[in-house]
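This report concerns only the one structure given below.
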Amino acid sequence: MRLVYPGAGRAALDGVSLTVAPGQAVALLGPNGSGKSTLARLCNGLLLPTDGRVTVDGMDTRDDDRVWDIRSRVGYVQQNPENQIVGTVVEEDVAFGPENLGIPPAELRTRVDDALRAVGLSGLERREPHLLSEGQKQRLAIAGALALGPGYLLLDEPFAMLDGVGRDEVRAVLEALRSRGVGLLHITHHLADVAEADRAVVLREGRVAFDGTPDDLLGSPEHAGELGIDVPPEARLTAALRGRGFDVPPGALDAEAILDALWR
Ligand SMILES: Nc1ncnc2c1ncn2[C@@H]1O[C@H](COP(=O)(O)OP(=O)(O)O)[C@@H](O)[C@H]1O
Ligand SMILES: [Mg+2]
2 MRLVYPGAGR AALDGVSLTV APGQAVALLG PNGSGKSTLA RLCNGLLLPT DGRVTVDGMD
62 TRDDDRVWDI RSRVGYVQQN PENQIVGTVV EEDVAFGPEN LGIPPAELRT RVDDALRAVG
122 LSGLERREPH LLSEGQKQRL AIAGALALGP GYLLLDEPFA MLDGVGRDEV RAVLEALRSR
182 GVGLLHITHH LADVAEADRA VVLREGRVAF DGTPDDLLGS PEHAGELGID VPPEARLTAA
242 LRGRGFDVPP GALDAEAILD ALWR
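As structure tokens, then:
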């Protein structure tokens with residue numbers, strides 16, 4: 002698949018082929034401008050490929066009749082949650098997407114309540130979104146995507162605006178979704194998130210430069226370095242220990258975490 006923005010000299014994405022399976026968590030990495038956000042926007046039909054095809058559960062994003070099916074199958078959480086707040090209170094904001102899909106009021110109520118519960122925002126239905134913390138705003142954005150009942154979620158650096166607490170909150174939500182079978186395409190710079198994914202894909206200048214397991218990526222700091230990813234040397238030890246059957250989690254990327262895993 003190839004994408005050239007109108008008027009652009011070179012393709013933003015070229016020769017990219019990628020499938021996200023239901024329940025699979027794919028971490029997408031790459032330097033600024035490598036095409037990560039472009040790839041996300043192609044996955045829910047916000048952008049259409051210049052060449053090639055993008056399909057969602059067999060539906061082609063070029064098919065005009067399927068636009069709304071696709072938008073409801075593939076939730077999209079942008080980098081800055083402020084950009085996607087549309088309601089004056091929390092519950093209105095979450096209801097906006099499914100309302101546009103024509104969901105009847107009774108079901109709408111259930112969807113909004115379920116989505117807010119899933120992200121831990123129950124009780125804040127009448128709160129004005131701008132009064133929420135950054136972590137709560139990001140979880141609100143995820144609730145808005147969830148209310149569409151998606152099979153997949155595109156997350157464009159959802160932690161970029163968050164502190165440690167906010168990150169842990171959002172991470173827990175993503176883990177719960179994945180265990181419910183939602184496929185995740187997670188754009189991130191955080192190696193801890195890459196380590197926990199099922200698969201890691203690295204983009205460079207619009208092409209797939211790596212597609213494999215997090216262990217293969219993080220276990221080879223030189224290779225990762227060549228791909229423009231700064232992996233701590235301890236990651237090699239973690240990968241080697243895992244390779245020899247030690248129960249060290251892939252996200253143990255410093256000495257303390259490795260020791261904790263071995264002597265717990
Ligand atoms: N709307 C746009 N119009 C023209 N070029 C764009 C647009 N959005 C992104 N680009 C270009 O496409 C390339 C990939 O951008 P993007 O997908 O945003 O990368 P990333 O998310 O990895 O930082 C960059 O060269 C960027 O300048
Ligand atoms: Mg981007």
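Per my numbering, residue 2 is the first one in the sequence shown, and the count goes up by one each step.
From the three backbone atoms N, C-alpha and C, an ideal C-beta is built for every residue, glycine too.
Under the rule that a run must span 4 or more residues, the alpha helix (DSSP H) segments found entirely inside the stretch 168-237 read 192-197, 215-219, 222-227. Per DSSP, the continuous alpha helix (DSSP H) segment holding aspartate 94 begins and ends at 91-101. When distances are taken from the beta-carbon of lysine 37 to the heavy atoms of ligand 2, the shortest one is below 6 Å.
One Cα belongs to leucine 47, the other to aspartate 216, and the distance between them is close to 32 Å. Scanning the stretch 15-84 from its first residue to its last, the whole alpha helix (DSSP H) runs of 4-plus residues come out as 37-44, 68-74. Counting C-beta atoms within 10 angstroms of its own C-beta, serine 123 has fewer than 16 neighbours from the protein chains shown and is therefore classed as exposed. For aspartate 114, there is no enclosing beta strand (DSSP E); the residue is found in the alpha helix (DSSP H) stretching over 106-119. Bounds of the alpha helix (DSSP H) holding aspartate 261 are 256-263. Under DSSP, leucine 156 takes part in a beta bridge, and its partners are Val78, His187.
Spanning the alpha carbons of valine 68 and alanine 161 requires a straight line of approximately 29 Å.
Rounded to the nearest whole angstrom, the CA to CA distance from tyrosine 6 to alanine 13 is 7 Å.
The beta carbon of glutamate 206 is closer than 7 Å to those of Ser35 in its chain, skipping five residues each way along the sequence.
Not one heavy atom of ligand 1 falls within 6 Å of the beta-carbon of tyrosine 153. For the set Ala196, Leu117, Ile104, Thr56, the Cα lying nearest the Cα of valine 174 is the one of Leu117. At least one heavy atom of ligand 1 lies closer than 6 Å to the C-beta of alanine 9. For aspartate 70 and glutamate 235, the gap between their C-alpha atoms comes out near 45 Å.
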